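Just so we're aligned, residue 168 is where the sequence shown starts under this note's numbering, counting upward by one. In this text, a Cβ means the ideal position worked out from N, Cα and C, and glycines have one as well. All values reported here derive from a predicted model rather than from experimental measurement.
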Amino acid sequence: MTDTIEQILQREDELVHAKRALDMEALERLYGDDLLMSGVMGEPTCSKAAIIDEMRRGIAERSDAIASGRQIDVSAENEDMKVAAHGDTAITNYRFVVKFKGPGIDVQHRYRATNVWLKRDGRWQIVAAHMAFVLDPKQAAMLAGQGS
Numbered sequence: 168m169t170d171t172i173e174q175i176l177q178r179e180d181e182l183v184h185a186k187r188a189l190d191m192e193a194l195e196r197l198y199g200d201d202l203l204m205s206g207v208m209g210e211p212t213c214s215k216a217a218i219i220d221e222m223r224r225g226i227a228e229r230s231d232a233i234a235s236g237r238q239i240d241v242s243a244e245n246e247d248m249k250v251a252a253h254g255d256t257a258i259t260n261y262r263f264v265v266k267f268k269g270p271g272i273d274v275q276h277r278y279r280a281t282n283v284w285l286k287r288d289g290r291w292q293i294v295a296a297h298m299a300f301v302l303d304p305k306q307a308a309m310l311a312g313q314g315s
């Protein structure tokens, strides 16, 4: 089981690097073709194709920013990683933190993510996933009608 957990931690490192670098080849390899993912807004359920399309938009936006001379620094990190292994299936749960900083922008988004990994033909792929916003106290108060 320790080997499985180590393998999954390595795959999660590959995944966060691929998201940060917008590495389409790695994302194609890490996500199963039959992926079911609930995004941060809950609906609709996303497919692998929808995630790849979103990454293509990200690549285009990044290229536009570079072409216009805007420098935007982006970071993406996993925090508080937990792994549960069950044979050829493993589940990860963690906080995914994305930061954007540049002219007129300084944003941090935090998400809670769960991935279900399945070992197929000797390699691990994500077959189900869920992401949800993690609200900071100010955002939570505003949603509760207590802030402005």
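Excluding the 5 residues preceding and the 5 following E221 in the sequence, name in chain order all residues of the same chain whose CB lies nearer than 7 Å to its CB.
none
State yes or no: is the C-beta of L176 within less than 8 Å of the C-beta of I293?
no
Taking just the CA atoms, how far does D200 sit from A295?
11 Å
Exposed or buried, which one is K249 when buried takes at least 16 other CB atoms within 10 Å?
exposed
Can you give me the C-alpha to C-alpha distance between L189 and I218, rounded to a whole angstrom?
11 Å
Let me confirm a value: E173 is counted as buried when at least 16 other C-beta atoms fall within 10 Å, else exposed. Which label applies?
exposed
Alpha-carbon to alpha-carbon, A232 and P270:
11 Å
Mind checking who A234 pairs with in its DSSP beta bridge?
A234 is not bridged to any residue.
Mind checking who S205 pairs with in its DSSP beta bridge?
T212 and H297
What's the gap between the Cα of Y261 and the Cα of Q238?
29 Å
Whether V207 touches Y278 by CB criterion (8 Å)
yes
Cβ-Cβ distance between D255 and K286 below 8 Å:
yes
What residue from H276, F300 and H253 has the CA that sits closest to W284's CA?
H253
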